[in-house]
Amino acid sequence: DSGVTQTPKHLITATGQRVTLRCSPRSGDLSVYWYQQSLDQGLQFLIQYYNGEERAKGNILERFSAQQFPDLHSELNLSSLELGDSALYFCASSARTSGGIFEQFFGPGTRLTVL
Amino acid sequence: DQQVKQNSPSLSVQEGRISILNCDYTNSMFDYFLWYKKYPAEGPTFLISISSIKDKNEDGRFTVFLNKSAKHLSLHIVPSQPGDSAVYFCAASANGAGSYQLTFGKGTKLSVIP
Numbered sequence: 002d003s004g005v006t007q008t009p010k011h012l013i014t015a016t017g018q019r020v021t022l023r024c025s026p027r028s029g030d031l032s033v034y035w036y037q038q039s040l041d042q043g044l045q046f047l048i049q050y051y052n053g054e055e056r057a058k059g060n061i062l063e064r065f066s067a068q069q070f071p072d073l074h075s076e077l078n079l080s081s082l083e084l085g086d087s088a089l090y091f092c093a094s095s096a097r098t099s100g101g102i103f104e105q106f107f108g109p110g111t112r113l114t115v116l
Numbered sequence: 078d079q080q081v082k083q084n085s086p087s088l089s090v091q092e093g094r095i096s097i098l099n100c101d102y103t104n105s106m107f108d109y110f111l112w113y114k115k116y117p118a119e120g121p122t123f124l125i126s127i128s129s130i131k132d133k134n135e136d137g138r139f140t141v142f143l144n145k146s147a148k149h150l151s152l153h154i155v156p157s158q159p160g161d162s163a164v165y166f167c168a169a170s171a172n173g174a175g176s177y178q179l180t181f182g183k184g185t186k187l188s189v190i191p
């Protein structure tokens, strides 16, 4: 158990709909990262938040948005869903190791199916 | 453009033998490399990492080697055990601007045969 929680575990919805994925980082971790894993693909970085502020953006579509709340949990909002958005969405949180490097710890993921 | 490549989608190894998983990268700015292990229906689990200032890092049965000139790294598992059967992802980061975002390869599925 990484200490990162994600809800829901599974989500089935229809094209055109909007969903919200939730992530709670490990206690004390200030950074939250979102990744998307499509079929036969590696994990693609979407966006990072650090202590409530957006820190970095990757291959995130304009239909997607995220935020991090004062209690440090984060939500990923996906709107106008398309079939191609079906994927596993992972959240990770990070902490600095004694060597000064940030290790990322991943949650179990949310499997989104768009029908 | 795939910046981190794992060219072998799968690998089968006999129990007790060495497993060698390979990874190539193209971005010279990458300065930190990690290996993650993933079981079905679970999130990736951190396995081992290496900084670009080193060429080897060892942790128990797992050793990662980095060849910067070739932009190549490898993960050695000795001896391989059936419980090591999983998908292994190579990841890299360029730790600038305080982001530490990871760029992943597509993974190699390791099967350790008893």
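Heads up: the protein sequence lines correspond to chains A and B, in order.
With the working numbering, you'll find the first sequence wraps up at 116, consecutive numbering, no jumps.
With the working numbering, you'll find the second sequence wraps up at 191, consecutive numbering, no jumps.
All C-beta atoms, glycine included, are put in the ideal place defined by N, C-alpha and C.
Using the Cβ count rule (16 or more neighbours within 10 Å means buried), how would you classify residue i?
i: residue 108 (chain A); result: buried
i: residue 177 (chain B); result: buried
i: residue 117 (chain B); result: exposed
i: residue 169 (chain B); result: buried
i: residue 180 (chain B); result: buried
i: residue 110 (chain A); result: buried
i: residue 121 (chain B); result: buried
i: residue 40 (chain A); result: exposed
i: residue 84 (chain A); result: exposed
i: residue 67 (chain A); result: buried
i: residue 87 (chain B); result: exposed
Using only CA atoms, which one of the options lies nearest to residue i?
i: residue 141 (chain B); options: B:81, B:118, B:191 and B:98; result: B:98
i: residue 10 (chain A); options: A:106, A:92 and A:104; result: A:92
i: residue 153 (chain B); options: B:80, B:95 and B:90; result: B:95
i: residue 24 (chain A); options: A:71, A:14, A:7 and A:55; result: A:7
i: residue 139 (chain A); options: A:13, A:35 and A:26; result: With chain A running from 2 to 116 in the structure shown, residue 139 (chain A) is simply not present.
i: residue 137 (chain B); options: B:86, B:157, B:79 and B:102; result: B:157
i: residue 161 (chain B); options: B:80, B:79 and B:89; result: B:89
i: residue 42 (chain A); options: B:171, B:191, B:172 and B:167; result: B:167
i: residue 15 (chain A); options: A:95, A:82, A:96 and A:53; result: A:82
i: residue 78 (chain B); options: B:131, B:104 and B:135; result: B:104
Are residue i and residue j close, meaning C-beta to C-beta below 8 Å?
i: residue 145 (chain B); j: residue 83 (chain B); result: no
i: residue 189 (chain B); j: residue 119 (chain B); result: no
i: residue 107 (chain B); j: residue 125 (chain B); result: no
i: residue 33 (chain A); j: residue 106 (chain A); result: no
i: residue 115 (chain A); j: residue 86 (chain A); result: yes
i: residue 155 (chain B); j: residue 186 (chain B); result: no
i: residue 112 (chain A); j: residue 89 (chain A); result: yes
i: residue 153 (chain A); j: residue 31 (chain A); result: With chain A represented from 2 up to 116, any question about residue 153 (chain A) goes unanswered, as that position is not in the structure.
i: residue 80 (chain B); j: residue 113 (chain B); result: no
i: residue 61 (chain A); j: residue 47 (chain A); result: yes
Looking at the ligand COA, does it come within less than 7 Å of residue i, judged from the CB to the closest heavy atom?
i: residue 92 (chain B); result: Among the components modelled here there is no ligand, and therefore nothing to report on the ligand COA.
*asked:* Restricting to runs no shorter than 3 residues, where is the beta strand (DSSP E) found entirely within the stretch 79-156 of chain B?
replied: 87-91, 96-102, 109-115, 122-128, 133-136, 139-144 and 149-154
_What ranges does the beta strand (DSSP E) occupy inside the stretch 10-50 of chain A, keeping only unbroken runs of at least 3 residues that lie completely in it?_
11-14, 20-25 and 32-38
*chain A contacts made by the stretch 103-134 of chain B, where a contact means CB separation under 9 Å*: 109, 111, 113, 115, 118, 119, 120, 121, 122, 123, 126 and 128
*asked:* What ranges does the beta strand (DSSP E) occupy inside the stretch 63-97 of chain A, keeping only unbroken runs of at least 3 residues that lie completely in it?
replied: 65-69, 75-79 and 88-97
*asked:* Any C-beta of chain B within less than 8 Å: which residues of the stretch 57-79 of chain A qualify?
replied: 57 and 59
*Looking at chain B, which residues of the stretch 30-42 of chain A have a Cβ within less than 9 Å of any of its Cβ atoms?*
32, 34, 36, 38, 41 and 42
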